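Same order as they appear, the protein sequences are chains A and B.
Adding 546 to a residue's 1-based position in the first sequence gives its number in my numbering.
Adding 205 to a residue's 1-based position in the second sequence gives its number in my numbering.
We treat Cβ as the ideally placed atom computed from N, Cα and C, and that holds for glycine.
This structure is a prediction, so every number in the text was calculated from the model and none was measured.
See structure below.
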Amino acid sequence: EKSFTGDQVVRVDVQSEEQLKLLQVLESEEKWNLDFWLHPVSTELPVDVLVPHTHLAAVKEYLQAHNIPFTVMIDNLQELLDQEKAEMKENHLREH
Amino acid sequence: STRSFNFGAYHRLETIYSWMDTFVAQHSNLVTKLDIGRSYENRPMYVLKFSTGGTKRPAIWIDLGIHSREWVSQATGVWTANKIATDYGTDASLTSLLNTMDIYMLIVANPDGYVVTHTNNRMWRKTRSKNSGYACLGVDPNRNWNAGFGGPGASSYPCSESYHGPSAHSEIEVKNMVNLIQSHGNFKSFISVHSYSQLLMYPYGYTCRGAPHQAELDSVAKAAVQKLSSLYGTSYKVGSICNIIYQASGGSIDWSYDAGIKYSFAFELRDTGRYGFILPADQIIPTASETWLALKHIMEYVRDHPY
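Below you can see the structure in the form of structure tokens.
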């Protein structure tokens, strides 16, 4: 089963067309295996991107280098998934 | 019993399918289960048909969870199906709707993907078909419809999350839906339910030009969203796919609209802004409840505006 330990979801509130373009460049970088949950399409919508822990430092460096402010929406995706799984198991047992 | 079923929890495919059987048995005067074909990995695709009689009456299509990781969509489908069955006979408006129209609901539009999200990769979005010459699997089933197929906003790269596939309707899951809708021939509304980002959209996605009925669709969607928001204050945006998200070709509601189903809409259900696709299960019933108000508004409008 694929593990998401240490993977983060980063939210960017895009403030300019220039930032939007820089995020679109990031999106085209296949080597970083980024999973855009919300794509960089407009300055009116946030951008959410799942960043594998292996590329976290590089992606954050890229954002900081271009003065693109971001927040961490999900600190460790696997923690949420573990909670979700435990809850499902509990519900399943309760139903039985 | 559907009475003991926990609508506020996420469930595996076999649990949902098993619930469907109980549900159909408990509401046999209203609900039937149609097997519309098999998925790529040979799983059955079941549509719940809500009908009070007659054949090929004007109908409303609702599919949910075509992107498998959007779990609140499928969970909302289960709750909504139950809501329709339990309110029939007590809610006068819904009863009148079902006395003239049928509702077809595909709760798990991408069963292979859904199983993968429970077993191998919670973040899986696509189908599971093999891509010749590539190790990565799957096609984005919402880029695979014959509506501007292969155009902007879809990828020709098989490893992309938005890969459009080798040809329109190449995905058997899409083809099964298309076959049912075409062979029926009397659908008046087509609603696709996704999550997350709180949007209610109408065609087009493959082009940014306005649809011929844009003004009417916009007004219906705005009124629907007003009802949705009245429950918990959830804020939604309304617009064409191209204008409020991005240009995306090969989408389901563009296909249905171009096939003559005027009242075509796509929902993106709620997001708390903190969890993305991992919306906690305690949000399922609030999400489904508010969505129901919008869905009901659209369905009533369709009933009251025959064409």
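C-beta contact flag for residue i and residue j at 9 angstroms
{"i": "A:Leu-566", "j": "A:Val-595", "result": "no"}
{"i": "A:Met-634", "j": "B:Tyr-215", "result": "yes"}
{"i": "B:Asn-391", "j": "B:Ala-264", "result": "yes"}
{"i": "B:Tyr-451", "j": "B:Glu-275", "result": "no"}
{"i": "B:Met-310", "j": "B:Thr-285", "result": "yes"}
{"i": "B:Asn-221", "j": "B:Ile-267", "result": "According to the sequence as given, residue 221 of chain B is Ile; it is not Asn. Cβ atoms of B:Ile-221 and B:Ile-267: not closer than 9 angstroms."}
{"i": "B:Gly-444", "j": "B:Met-406", "result": "yes"}
{"i": "B:Ala-280", "j": "B:Ile-489", "result": "yes"}
{"i": "B:Leu-303", "j": "B:Ser-334", "result": "no"}
{"i": "B:Val-236", "j": "B:Lys-261", "result": "no"}
{"i": "A:Val-556", "j": "A:Thr-617", "result": "yes"}
{"i": "B:Ser-337", "j": "B:Leu-474", "result": "no"}
{"i": "B:Ala-453", "j": "B:Tyr-411", "result": "yes"}
{"i": "B:Asn-514", "j": "B:Phe-212", "result": "Residue 514 of chain B cannot be examined here, being either before or after the span of chain B that is shown, 206 to 512."}
{"i": "B:Thr-477", "j": "B:Pro-485", "result": "yes"}
{"i": "B:Ala-352", "j": "B:Ser-457", "result": "yes"}
{"i": "B:Val-320", "j": "B:Arg-217", "result": "yes"}
{"i": "B:Ser-434", "j": "B:Tyr-441", "result": "yes"}
{"i": "B:Ile-466", "j": "B:Lys-380", "result": "no"}
Neighbourhood of residue i by C-beta, 7 angstroms cutoff - its chain only, sequence neighbours within 5 removed
{"i": "B:Pro-249", "result": "Asp-240 and Arg-243"}
{"i": "B:Thr-332", "result": "Tyr-245, Asn-315, Asp-317, Gly-318, Gly-343, Val-344, Pro-346, Glu-376 and Glu-378"}
{"i": "B:Ala-428", "result": "His-502"}
{"i": "B:Ala-426", "result": "Leu-405, Tyr-407, Val-443 and Phe-470"}
{"i": "A:Asn-637", "result": "none"}
{"i": "B:Cys-447", "result": "Tyr-409, Gly-410, Thr-412 and Cys-413"}
{"i": "A:Leu-602", "result": "Gln-554"}
Three-state secondary structure (DSSP) of residue i
{"i": "B:Trp-350", "result": "coil"}
{"i": "B:Thr-257", "result": "coil"}
{"i": "B:Ile-483", "result": "coil"}
{"i": "B:Pro-491", "result": "helix"}
{"i": "A:Val-556", "result": "strand"}
{"i": "B:Val-236", "result": "strand"}
{"i": "B:Glu-219", "result": "helix"}
{"i": "B:Phe-472", "result": "strand"}
{"i": "B:Ser-435", "result": "helix"}
{"i": "B:Arg-243", "result": "strand"}
{"i": "B:Tyr-506", "result": "helix"}
{"i": "B:Tyr-407", "result": "strand"}
{"i": "B:Ser-209", "result": "coil"}
{"i": "B:Ser-457", "result": "helix"}
{"i": "B:Lys-427", "result": "helix"}
{"i": "B:Tyr-251", "result": "strand"}
{"i": "A:Lys-548", "result": "coil"}
{"i": "A:Lys-567", "result": "helix"}
{"i": "B:Lys-442", "result": "strand"}
{"i": "B:Tyr-512", "result": "coil"}
{"i": "B:Tyr-451", "result": "coil"}
{"i": "B:Ala-230", "result": "helix"}
{"i": "A:Gln-561", "result": "coil"}
Close beta carbons around residue i, own chain, < 6 angstroms, minus the five adjacent residues each side
{"i": "B:Lys-354", "result": "Just to set this straight, residue 354 of chain B is Phe in the shown sequence, not Lys. For B:Phe-354, where only same-chain residues beyond five positions count, the Cβ hits under 6 angstroms are Ala-373 and Gly-455."}
{"i": "B:Ile-396", "result": "Ile-267 and Phe-470"}
{"i": "B:Val-252", "result": "Leu-239, Ile-241, Tyr-309 and Leu-311"}
{"i": "B:His-232", "result": "Ala-290"}
{"i": "B:Glu-366", "result": "Arg-330"}
{"i": "B:Ile-271", "result": "Ala-314, Asn-315, Pro-346 and Asn-347"}
Other residues of its chain near residue i: CB distance less than 8 angstroms, five sequence neighbours each side excluded
{"i": "B:Ala-416", "result": "Tyr-407, Pro-408, Tyr-409, Leu-422, Ser-445 and Tyr-462"}
{"i": "B:Tyr-339", "result": "Pro-363 and Cys-364"}
{"i": "A:Pro-592", "result": "Arg-557, Val-558, Asp-559, Val-560 and Leu-584"}
{"i": "A:Gln-570", "result": "Pro-586"}
Inter-stretch contact (C-beta, 8 angstroms, three-pair minimum) for the region 279–299 of chain B and the region 494–505 of chain B: In short, these stretches touch, since the Cβ pair count reaches three.
Segments of 4+ residues assigned as alpha helix (DSSP H) that fall wholly inside the region 259–324 of chain B: The region 259–324 of chain B contains these whole alpha helix (DSSP H) runs: 276–292, 297–305 and 316–324.
Meets three-Cβ-pair contact criterion under 8 angstroms: the region 414–431 of chain B and the region 286–296 of chain B: The region 414–431 of chain B makes no contact with the region 286–296 of chain B: fewer than 3 CB pairs, one atom from each, lie closer than 8 angstroms.
Stretch-stretch touch, CB-based, cutoff 8 angstroms, three pairs: the region 565–580 of chain A with the region 596–606 of chain A: Output reads yes: the region 596–606 of chain A touches the region 565–580 of chain A.
Inside the region 571–639 of chain A only - beta strand (DSSP E) runs reaching at least 3 residues: Taken in chain order, the whole beta strand (DSSP E) runs of length 3 or more contained in the region 571–639 of chain A are 581–584, 593–597 and 616–620.
Whole runs of the alpha helix (DSSP H) within the region 321–403 of chain B, excluding any shorter than 4 residues: With a minimum length of 4 residues, the continuous alpha helix (DSSP H) runs that stay inside the region 321–403 of chain B are 377–389.
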